[in-house]
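To start, the structure under review is shown below, and the notes come after it.
So, in structure tokens, the structure goes:
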């Protein structure tokens, strides 16, 4: 038996109870990366723990892939993929573009997913057939917008500074072709694409938990999300999401390794 929307809501609410009270409060930050900066907060750790407790109680036969507390049962038919705070840098900076990502894989394919932004009160959910939005704008079914040409496209990426070498060259060549580009929205950019507000999201170096909850949102809203070679996005890496097949094909042609 698969979880329903109400169970995903319970997971998101449990995470929200841990993250929102700590947002914009000067919460303590620990750096996970020697020689660099990969922040984690108490909110990350406690939110993931709260999500995992509910999953383990309701679906003990399922596996879990999480950012903060390790993995169990990755060879099982169903595996939950959890990022308690995608966009921790935004979280610790007071910028409300972070979100809680919860995805469900079946045989390695993302089939259900959620992105919750507690501060703005927006929740995006893909139930296996359609993507929906609930928030200050009410409730609606999502659909990506038609955009057939790069010259008309709006592109988002987290930061151009994340790209190096050939990846940087390919990304910058693509960026030069679009109408408008914006930086710094983390998972929120993918939600905006599913809702039909932007046309392309390009990222590099993603982990499965950075994208697992977002793949169903994009696909079930009519968009396409793959890696830069056109393959599955479920395991992360270099990722492209587009609102239309035509735009995806044009962008992929510029990003694909020769």
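In our numbering, the protein residues as written are 106 to 363.
Glycine residues also receive a C-beta, built at the ideal position from the N, C-alpha and C atoms.
| Query | Result |
| --- | --- |
| C-alpha distance - residue 158 paired with residue 251, whole-angstrom precision | 40 Å |
| Ranges of the beta strand (DSSP E) found wholly within the stretch 112-191, counting only runs of at least 3 | 134-136, 144-146, 168-171 and 183-191 |
| Per-residue burial, residue 142 [other beta carbons within 10 Å of its own, 16 or more giving buried] | Confidence at residue 142 is low in this model, with a pLDDT of 47, below 50, so the placement of that residue should be treated as unreliable; the coordinate-derived value is given next. Answer is exposed; the Cβ neighbour count stays below 16. |
| Span separating the alpha-carbon of residue 334 from that of residue 345 | 9 Å |
| Residues bridged to residue 236 [DSSP beta-bridge criterion] | 231 |
| Alpha-carbon to alpha-carbon, residue 182 and residue 227 | 30 Å |
| Whole-Å CB distance - residue 255 paired with residue 352, under 8 Å assumed | 7 Å |
| Rounded straight-line distance, which links the Cα of residue 132 to that of residue 323 | 32 Å |
| With 16 other Cβ atoms within 10 Å as the buried cut-off, status of residue 321 | buried |
| Extent of the continuous beta strand (DSSP E) run through residue 282 | Where residue 282 is concerned, there is no enclosing beta strand (DSSP E), given that its DSSP letter is neither H nor E. |
| Simplified DSSP state of residue 292, which is helix, strand or coil | helix |
| Buried or exposed by the 16-neighbour rule on C-beta atoms within 10 Å, applied to residue 246 | exposed |
| Buried or exposed by the 16-neighbour rule on C-beta atoms within 10 Å, applied to residue 236 | buried |
| Proximity below 8 Å, CB of residue 120 to CB of residue 152 | yes |
| The stretch 165-182 touching the stretch 279-299, judged by at least three CB pairs closer than 8 Å | no |
| Residue interval of the beta strand (DSSP E) (run including residue 217) | 214-222 |
| Rounded straight-line distance, which links the Cα of residue 273 to that of residue 281 | 12 Å |
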